[in-house]
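Chemist:
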Amino acid sequence: MFKPLWEHGRAICFADGWFEWKKEGNKKQPYFIQRKDDQPIFMAAIGRTPFERGDHAEGFLIVTAAADRGLVDIHDRRPLVLTPEAAREWMRQDVTGAEAAEIASDGAVSADDFTWHPVTRAVGNVKNQGPELLAPLSP
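Counting with our numbering, you get residues 788 to 926 for the letters of the sequence shown.
#1: Rounded to the nearest angstrom, what separates V850 and E872 at their Cα positions?
#2: If you follow the beta strand (DSSP E) that E811 is part of, which residue opens it and which one closes it?
#3: At the level of alpha carbons, what is the spacing between Q880 and G846?
#4: Contact criterion: CB-CB distance below 7 Å. Does S897 meet it with respect to chain C?
#5: If we ignore side chains and look at the alpha-carbon of each, how far apart do L924 and D900 end up?
#6: Short of 7 Å in beta carbon distance, which residues of its chain neighbour V868, apart from the five on each side in sequence? Order them along the chain.
#7: Do G834 and A798 have their C-beta atoms within less than 7 Å of each other?
#8: Near C800, which residues of its chain fall below 6 Å by C-beta distance, leaving aside the five closest residues on each side in sequence?
#9: Determine the direct distance from the alpha carbon of A891 to that of W903, and round the result to whole angstroms.
#10: Between the C-alpha atoms of E811 and H795, what's the straight-line distance to the nearest angstrom?
#11: Whole angstroms is fine: what's the gap from V910's alpha carbon to R864's?
#12: Which of helix, strand or coil does DSSP assign to P923?
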């Protein structure tokens, strides 16, 4: 189902970071994960267009990879975040599916390049918006 999208359906989703929820006791605590250097994140994605059609055969998904090193403490999967150079390669139209898989493997940003902190549970409600949702919780 997804194999053809590796060849002709690649996209990049830009972000400052992402949220993951970690079970702590009988509650779940959200964490905001971002690059240590505050640079934008380029998440590998695959999808199908045209988006204007409005049917169920279109949309996109963010490619995930196994979490490594400290990130596994938060969640066992994470978005596949590419370096800027790898993101450019990922988007080249002449890249084959096999080459895309190689870019995904070799162009991923290391878990060592990320930092995370707990944030308010208000991030769980889509009605809540604003930079205060990204602020670290006080210890």
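Think of the CB as a built atom: it goes at the ideal place given N, C-alpha and C, for glycine as much as any other residue.
Modeler: On the basis of the supplied data:
#1: For the purposes of this step, residue 850 is taken as residue 63 along the sequence shown, with counting starting at 1. For the purposes of this step, residue 872 is taken as residue 85 along the sequence shown, with counting starting at 1. About 17 Å.
#2: One-based indexing of the sequence shown puts residue 811 at position 24. Here the beta strand (DSSP E) through E811 covers G804 to E811.
#3: Counting from 1 along the sequence shown, the entry for residue 880 is found at position 93. Counting from 1 along the sequence shown, the entry for residue 846 is found at position 59. Each residue's Cα considered, the two are about 19 Å apart.
#4: The chain inventory of the structure shown lacks chain C, comprising one protein chain alone.
#5: Locating residue 924 in the sequence shown gives position 137, where the first residue counts as 1. Locating residue 900 in the sequence shown gives position 113, where the first residue counts as 1. The straight-line gap from Cα to Cα measures roughly 21 Å.
#6: Counting from 1 along the sequence shown, the entry for residue 868 is found at position 81. Within the same chain, V868 has close Cβ partners I828, F829, M830, A895 and V896.
#7: Within the sequence shown, the letter at position 47 stands for residue 834. Within the sequence shown, the letter at position 11 stands for residue 798. Cβ atoms of G834 and A798: closer than 7 Å.
#8: Position 13 of the sequence shown, counted from the start, is the residue given in the question as residue 800. Answer for C800: M830, A832 and I849, listed in chain order.
#9: Start at 1 with the first residue of the sequence shown, and residue 903 comes out as number 116. Start at 1 with the first residue of the sequence shown, and residue 891 comes out as number 104. So the two alpha carbons sit approximately 23 Å from each other.
#10: Translated into positions along the sequence shown, residue 811 becomes position 24. Translated into positions along the sequence shown, residue 795 becomes position 8. The alpha-carbon atoms of E811 and H795 are separated by roughly 41 Å.
#11: Here residue 910 is taken as the residue at index 123 of the sequence shown, counted from 1. Here residue 864 is taken as the residue at index 77 of the sequence shown, counted from 1. Cα to Cα, the separation comes out at about 20 Å.
#12: Working through the sequence shown from its first residue, we reach residue 923 at position 136. Coil at P923, not helix or strand.
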